[in-house]
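Undergrad: Residue numbers (our numbering), protein chains in the order written: chain D, 1 to 141; chain H, 142 to 282; chain A, 283 to 423; chain Z, 424 to 564. The structure that follows is given in the form of structure tokens.
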């Protein structure tokens, strides 16, 4: 299991006339979460795209428990439970302090610049292997 | 079953650097879909909010099949299969002509201005009853 | 002078916690305005990009007079007063019926895929010439 | 003169199919800038709204020099040059390291919950007075 934490402060632009954060604003937050996870792994998504590999979203799910509000400090906890094969599944928790505001997951696949589904490149597999190995070591310590 | 169709043209603002529509842009489209369905039923969501009833999103799910592109003409088909009790479930199909680009659903509940979960007001139940009765009649004709 | 009209219905996603449309939401509306103007001219912006010409925004200005609200039907009037040379200037009026809600303008230049500023391609100049000639004819009739 | 600095990392959601940041994404960044300036002054905008005072945008202007890109670390420098009377004018610089990417300004006024223009409340004037006095002191040292 690989896990990362990212922090953001809610922007006014992210609210709607219900007075709280617009439900669609959580999707960019999930993205901040996985950008951080990839960077923590030593594999910035920006570099991956520069090498011609894209990770489009195949599926997204969000469950909303309590509304986030303007200027709240929010933590996004992103978890990769399984070493990815053809598909990558990521899980998210959106928290305000200890309070859980929302949970969700996304599923991704690797495609190339032409949009064709491809296997994850060797350098990516190596990074995930190393990440899971390090996580296992720290879990058993 | 109650069903509505809405049409939008993809905006440049809705794309991302992958060259296609950003996956988060589908959520406002779903919203256009349910705004249209409520209006078709004779119960504009704007009026509902003016009466103090809000319909926040409890859950959202999207499955992406093919990317939508800038300037595409998109049809959003919104379906309410079951007469809502405490929760409203809506299903969505995002299409470009006959081509299915994405599917999804949302779940909602009624709350009041203070955020307390409430039963749907009688005028709303009456509208849904009439909508389903009309749909049944046209289905059996 | 070339002028186009486009119509949109305000989305819930475009509001903020002030209860009205978020000021940043007017920029995608301006874009809908200029997409429509280009299409009316017979030169869809999508085709222009496909030919390798981009029209990035160099400058944007918006003056807000009255707030637009959720579900309002909005007309965007887009005007090109001068035949473009190296730069294109477009002016916008955002209206709800006869009521003027906002005005603004954008300035653009042509660049190629590498980001280098280029002259407008001949086919584009021809389209603008034809558009202004037609506008002059109808103005003097 | 009062000045604040805020830092953000560009999100994928903020890009468009031109491969760089969508021009409209700078408006939420300006907002992050002024939220930070108000907080630095000891007058969080959230508290101001809770007291019934809103600061809608009357005018916004942005000039784009160079594109920001996904995952760039961006600094927003927000400056209030004049002590506000009925209107507040803020200026912005968007920078990537020392490189200036965009400049702009916004103009605001105070309104109450009913949308009526009001004078800035005494506690707000006191905060601005103190902020400018402190800035003058540090400028003459």
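By construction, the Cβ of each residue, glycine as well, lies at the ideal position given by its N, Cα and C atoms.
With 9 Å set as the bound, which would you pick, yes or no: does the beta-carbon of residue 13 (chain D) sit closer than that to a beta-carbon of chain Z?
TA: As a position in the first chain, residue 13 (chain D) is number 13, starting the count at 1. So yes, residue 13 (chain D) belongs to the interface.
Undergrad: Assuming the contact rule is C-beta atoms closer than 8 Å, residue 530 (chain Z) and residue 464 (chain Z) should be a hit. Round their C-beta distance to whole Å, please.
TA: Within the fourth chain, residue 530 (chain Z) is the residue found at index 107, counting from 1. Within the fourth chain, residue 464 (chain Z) is the residue found at index 41, counting from 1. Residue 530 (chain Z) to residue 464 (chain Z), Cβ: 18 Å. No contact.
Undergrad: Look at the alpha carbon of residue 312 (chain A) and the alpha carbon of residue 286 (chain A), and state the distance between them as a whole number of angstroms.
TA: Taking the first residue of the third chain as 1, we reach residue 312 (chain A) at position 30. Taking the first residue of the third chain as 1, we reach residue 286 (chain A) at position 4. Between residue 312 (chain A) and residue 286 (chain A), the C-alpha separation is close to 11 Å.
Undergrad: Excluding the 5 residues flanking residue 38 (chain D) on each side, which residues of the same chain have their C-beta closer than 8 Å to its C-beta?
TA: Counted from its first residue, the first chain places residue 38 (chain D) at position 38. 44, 45, 48.
Undergrad: So which residues on chain H does residue 56 (chain D) lean against when the C-beta distance must stay under 9 Å?
TA: Position 56 of the first chain, counted from the first residue, corresponds to residue 56 (chain D). Within 9 Å Cβ-Cβ: 159, 161, 164, 205, 208.
Undergrad: Which first and last residues belong to the alpha helix (DSSP H) in which residue 155 (chain H) is found?
TA: As a position in the second chain, residue 155 (chain H) is number 14, starting the count at 1. Note, residue 155 (chain H): premise wrong, no alpha helix (DSSP H); not H, not E.
Undergrad: Check whether the region 300–315 of chain A and the region 338–351 of chain A are in contact - that is, three or more C-beta pairs closer than 8 Å.
TA: Three or more beta-carbon pairs separated by less than 8 Å link the region 300–315 of chain A to the region 338–351 of chain A, which places the two stretches in contact.
Undergrad: Buried or exposed: where does residue 156 (chain H) fall if 16 or more other Cβ atoms within 10 Å of its Cβ makes it buried?
TA: Here residue 156 (chain H) refers to the residue found at position 15 of the second chain. Counting other Cβ atoms within 10 Å of its Cβ, residue 156 (chain H) reaches 16 or more and is therefore classed as buried.
Undergrad: Have a look at Z:519, Z:490, Z:507 and flag the residue whose alpha-carbon is nearest the alpha-carbon of residue 498 (chain Z).
TA: Stepping through the fourth chain from its first residue, residue 498 (chain Z) is reached at position 75. Considering only alpha carbons, the answer is Z:519.
Undergrad: Quick check on the DSSP output: the beta strand (DSSP E) that includes residue 74 (chain D) runs from which residue to which?
TA: Sequence index remark: in the first chain, residue 74 (chain D) carries index 74 (1-based). Segment 73–80, the beta strand (DSSP E) holding residue 74 (chain D).
Undergrad: Out of Z:511, Z:431, Z:544, Z:436, which one is the CA nearest neighbour of residue 502 (chain Z)?
TA: Locating residue 502 (chain Z) in the fourth chain gives position 79, where the first residue counts as 1. Residue 502 (chain Z) has its Cα closest to that of Z:511, out of Z:511, Z:431, Z:544, Z:436.
Undergrad: Between the alpha carbons of residue 496 (chain Z) and residue 13 (chain D), how many angstroms are there, rounded?
TA: Numbered from its first residue, the fourth chain carries residue 496 (chain Z) at position 73. Numbered from its first residue, the first chain carries residue 13 (chain D) at position 13. For residue 496 (chain Z) and residue 13 (chain D), the distance between alpha carbons rounds to 20 Å.
Undergrad: Quickly, what does DSSP pair residue 63 (chain D) with across the bridge? List them, please.
TA: Numbered from its first residue, the first chain carries residue 63 (chain D) at position 63. For residue 63 (chain D), which the question treats as bridged, DSSP gives the partners D:103, H:200.
Undergrad: Taking the alpha carbon of residue 383 (chain A) as the point to measure from, which residue in A:283, A:284, A:302, A:293 has its own alpha carbon closest?
TA: Within the third chain, residue 383 (chain A) is the residue found at index 101, counting from 1. Of the candidates A:283, A:284, A:302, A:293, the one whose C-alpha sits nearest the C-alpha of residue 383 (chain A) is A:302.
Undergrad: In the DSSP assignment, the alpha helix (DSSP H) including residue 26 (chain D) goes from what residue to what residue?
TA: Along the first chain, read from residue 1 onward, the residue named residue 26 (chain D) stands at position 26. Boundaries of the alpha helix (DSSP H) around residue 26 (chain D): 26–40.
Undergrad: What residues in the region 491–506 of chain Z have a beta carbon less than 7 Å from any beta carbon of chain H?
TA: 493
Undergrad: Rounded to whole angstroms, what is the Cα-Cα separation between residue 430 (chain Z) and residue 533 (chain Z)?
TA: In the fourth chain, counting from the first residue as 1, residue 430 (chain Z) sits at position 7. In the fourth chain, counting from the first residue as 1, residue 533 (chain Z) sits at position 110. Going from the Cα of residue 430 (chain Z) to the Cα of residue 533 (chain Z) covers about 27 Å.
Undergrad: Check for me: the alpha helix (DSSP H) holding residue 513 (chain Z) runs from which residue to which?
TA: Position 90 of the fourth chain holds residue 513 (chain Z). Counting along the chain, residue 513 (chain Z) sits inside no alpha helix (DSSP H); it lies in the beta strand (DSSP E) bounded by residues 510–519.
Undergrad: Comparing the CB of residue 358 (chain A) with every heavy atom of the ligand FAD, is any distance shorter than 8 Å?
TA: With respect to the ligand FAD, the structure shown offers nothing to examine, as it has no ligands at all.
Undergrad: Any idea what DSSP makes of residue 394 (chain A), helix, strand or coil?
TA: Reading the third chain from its first residue, position 112 is the one you call residue 394 (chain A). In this structure, residue 394 (chain A) counts as coil in the three-state DSSP scheme.
Undergrad: Within the same chain, show all residues whose beta-carbon is closer than 6 Å to that of residue 25 (chain D), passing over the 5 residues directly before and after it, in chain order.
TA: As a working note, residue 25 (chain D) is residue 25 in the first chain. Around residue 25 (chain D): 14.
Undergrad: With DSSP as the reference, label residue 161 (chain H) as helix, strand or coil.
TA: On the second chain, residue 161 (chain H) is found 20 positions in, with the first residue counted as 1. If DSSP states are grouped into helix, strand and coil, residue 161 (chain H) belongs with coil.
Undergrad: Which residues in the same chain have their Cβ closer than 6 Å to the Cβ of residue 211 (chain H), if we skip the five residues on either side of it in sequence?
TA: Position 70 of the second chain, counted from the first residue, corresponds to residue 211 (chain H). Taken in chain order, the residues that qualify are 151, 153, 156.
Undergrad: For the candidate residues D:103, D:56, D:34, whose alpha-carbon lies nearest to that of residue 112 (chain D)?
TA: Position 112 of the first chain, counted from the first residue, corresponds to residue 112 (chain D). Ranked by how close their Cα comes to the Cα of residue 112 (chain D), the residues D:103, D:56, D:34 have D:56 in first place.
Undergrad: Distance, Cα to Cα, residue 273 (chain H) vs residue 234 (chain H)?
TA: Here residue 273 (chain H) corresponds to residue number 132 of the second chain, with the count starting at 1. Here residue 234 (chain H) corresponds to residue number 93 of the second chain, with the count starting at 1. Spanning the two alpha carbons is a distance of roughly 20 Å.
Undergrad: Could one say the Cβ of residue 189 (chain H) lies closer than 9 Å to chain A's Cβ atoms, at least one of them?
TA: The residue you call residue 189 (chain H) lines up with position 48 of the second chain. Chain A, which has no Cβ nearer than 9 Å to the Cβ of residue 189 (chain H), makes this no.
Undergrad: In three-state terms, what does DSSP make of residue 144 (chain H)?
TA: The count along the second chain starts at 1 and reaches residue 144 (chain H) at position 3. Strand.
Undergrad: Taking the alpha-carbon positions, what's the residue 34 (chain D) to residue 90 (chain D) distance?
TA: Residue 34 (chain D) sits at position 34 when you count from the first residue of the first chain. Residue 90 (chain D) sits at position 90 when you count from the first residue of the first chain. In a straight line, the C-alpha of residue 34 (chain D) is about 8 Å away from that of residue 90 (chain D).
Undergrad: Residue 99 (chain D) versus chain Z: which residues are under 7 Å apart at the beta carbon?
TA: Locating residue 99 (chain D) in the first chain gives position 99, counting from the first residue. Within 7 Å Cβ-Cβ: nothing; residue 99 (chain D) doesn't reach chain Z, min ~18 Å.
Undergrad: Based on the DSSP secondary-structure assignment, which residues constitute the bridge partners of residue 477 (chain Z)?
TA: Locating residue 477 (chain Z) in the fourth chain gives position 54, where the first residue counts as 1. For residue 477 (chain Z), which the question treats as bridged, DSSP gives the partners Z:534.
Undergrad: Assign residue 350 (chain A) to one of two classes, buried (16 or more other C-beta atoms within 10 Å of its C-beta) or exposed (fewer than that).
TA: For the purposes of this step, residue 350 (chain A) is taken as residue 68 along the third chain, with counting starting at 1. The residue is buried, with at least 16 neighbouring Cβ atoms inside 10 Å.
Undergrad: Can you list the residues of chain D that residue 454 (chain Z) reaches, using a CB-CB cut of under 7 Å?
TA: The sequence position of residue 454 (chain Z) within the fourth chain is 31, counting from 1. Result: 11, 12, 13.
Undergrad: Between the C-alpha atoms of residue 401 (chain A) and residue 36 (chain D), what's the straight-line distance to the nearest angstrom?
TA: Mapped onto the third chain, residue 401 (chain A) falls at position 119. Mapped onto the first chain, residue 36 (chain D) falls at position 36. Those two C-alpha atoms are separated by around 41 Å.
Undergrad: Between residue 182 (chain H) and chain A, is any beta-carbon pair separated by less than 9 Å?
TA: In the second chain, counting from the first residue as 1, residue 182 (chain H) sits at position 41. It does not: the Cβ of residue 182 (chain H) has no partner Cβ on chain A nearer than 9 Å.
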